[in-house]
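Protein chains in written order, with my numbering: chain A, 16 to 170; chain B, 6 to 104.
Every residue, glycine too, gets a C-beta built ideally from N, C-alpha and C.
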Amino acid sequence: MPTAAELVVGAEFADLEEVAAFAGWTVAVLNTLEFVVGLKAADGSPFWVICEADGYKATPPAWRWCDPQGGERDQLHSAPRAGGSAFLHDSGVICAPWNRLAYKTVDARGPHSDWTIGNWQDNGYTGACKTLTAMVIRIEIELKSRIIGRVLVAA
Amino acid sequence: MVNANEGSATAPDKDKQINVVIGTPKGTLPGRFEPTDSIANVIDYAVEQKQLGGGADAFELYLRNGDDKQLLTPVTATLASLGVKSGDKLILAAHGSGV
């Protein structure tokens, strides 16, 4: 029997695939709760982000920068550098209430100890970003408008 | 405003109408508009047709040019004044600022 999260992801996924085809994203499904989206930044450089949707929508999904296969998650060389963006942190964390990793209780890099994860849909900063497709659209917009390269990693 | 599912009450000149497809948080949506329609008209249409929560103020509209995206602003501007033409792809994005 599918979990509640699997049912919600399944219900939203057709919309996501439709917009992906329209917008030129790549989507690779890893399992019923994980998929990788390929996006291009303003300079044409590719980035991949994996959605880990276990617990969705009781809790937000985790969005992690990764390689095209969904591996090497949370490696800085896979993350965009946005020059002080409030959204794309140089720590590699996408800072928004709809990203589980923004919560310090979940991830030590998370900037927010002042947000309640179970309240993410009512957080004013979430706005209308409450579907998986809305989240990917927002991530792509930020990549297109703010990206200035990849996070620099010391050799 | 005219859309694919409604006739026009003002007998618009179909040759001048602008046919676009809008990518939204709930899939894609075709729309047919007058050049004098505003960006706000398009956002309202998409929010209503797709029953998007949060209201029109929760969204912004982008024009997709290849790999680039152009924010269509101000929302009071007309489609024609911002260079939107038939065949263009638009993206409706929910505001979602990071902090």
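ask   = Which stretch, first to last residue, makes up the alpha helix (DSSP H) that contains A:ILE132?
value = For the purposes of this step, residue 132 of chain A is taken as residue 117 along the first sequence, with counting starting at 1. Where A:ILE132 is concerned, there is no enclosing alpha helix (DSSP H), given that its DSSP letter is neither H nor E.
query = Tell me which same chain residues have a C-beta within less than 6 Å of the C-beta of A:THR146, skipping the five on either side of it?
reply = Residue 146 of chain A sits at position 131 when you count from the first residue of the first sequence. Cβ neighbours of A:THR146 beyond the five flanking positions: GLU27.
request  = Output, in chain order, the set of chain A residues within a Cβ distance shorter than 8 Å of B:LEU57.
outcome  = Translated into the one-based positions of the second sequence, residue 57 of chain B becomes position 52. Simply ALA143.
key: Under 8 Å from the C-beta of A:PHE37: neighbouring residues of chain B   = Taking the first sequence and counting its residues from 1, one reaches residue 37 of chain A at position 22. Result: VAL26, GLY28, THR33 and LYS94.
query = Looking at the C-beta of A:ARG153, does it have a partner C-beta in chain B at a distance below 8 Å?
reply = Against the first sequence, residue 153 of chain A aligns to sequence position 138. Chain B contact via Cβ: present.
Integer Cβ distance of A:ALA176 from A:HIS127, believed to fall under 8 Å = Chain A is shown only over 16 to 170; residue 176 of chain A falls outside these bounds and no answer can be derived.
query = Terminal residues of the continuous alpha helix (DSSP H) containing A:GLU32?
reply = Indexing the first sequence from 1 puts residue 32 of chain A at position 17. A:GLU32 -> alpha helix (DSSP H) spans 19-38.
task = Closer than 8 Å, Cβ to Cβ, to anything on chain B: give me those residues from the segment 56-67 of chain A, in chain order.
result = Going along the segment 56-67 of chain A in chain order, one finds ALA57 and GLY59 with a Cβ nearer than 8 Å to chain B.
ask   = DSSP beta-bridge partners for B:SER43?
value = Here residue 43 of chain B is taken as the residue at index 38 of the second sequence, counted from 1. Beta-bridge pairing links B:SER43 to B:THR83.
query = Cα separation between A:VAL51 and B:ASP49?
reply = The residue labelled residue 51 of chain A in the question sits at position 36 within the first sequence. The residue labelled residue 49 of chain B in the question sits at position 44 within the second sequence. The alpha-carbon of A:VAL51 is positioned some 31 Å away from that of B:ASP49.
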